[in-house]
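Sequence positions in the sequence shown follow mature numbering (1 follows the signal peptide of the UniProt record, and there is no 0) and run -23 to -1, 1 to 69. Some notes on the structure that comes next.
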Amino acid sequence: MNFIKYFTLLLVIVALIIGQSEAAPRWKGWKKIEKAGKNVFNAAQKALPVVAGYKAVDDDDSKLANQMRIQSVAQRRIQDNLNLYDDHPLCI
């Protein structure tokens, strides 16, 4: 008898049956780690625009404060220059 043909057919059938089953996860800790990573990612996506907006507002405030400081310095210099000429006899 030709057992090689039967043996090959049996191997193909066994491979098809075994190959169709899905492997069960051995350790469910990976799912917990994946869920934690997903939660961190989602929280970062929600918080990043808020942080970026705060930084932009903070930068705008610092620019505004710097401009106001420059304006006040310029106004003081102008006032000081005007005060210098108050004592001049030709100034009215």
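Note that CB positions come from ideal geometry on N, CA and C, so glycine has one too. Given the structure is predicted, the values throughout are model-derived calculations rather than measurements.
Asked                                                                              : Found
In whole angstroms, what separates the C-alpha of N16 from that of P26?            : 17 Å
Helix, strand or coil for N43 per DSSP?                                            : helix
Where does K(-19) sit, in a helix, a strand or coil, going by DSSP?                : helix
So what does DSSP say about K23, is it helix, strand or coil?                      : helix
Once DSSP output is grouped into helix, strand and coil, what is the label at K12? : helix
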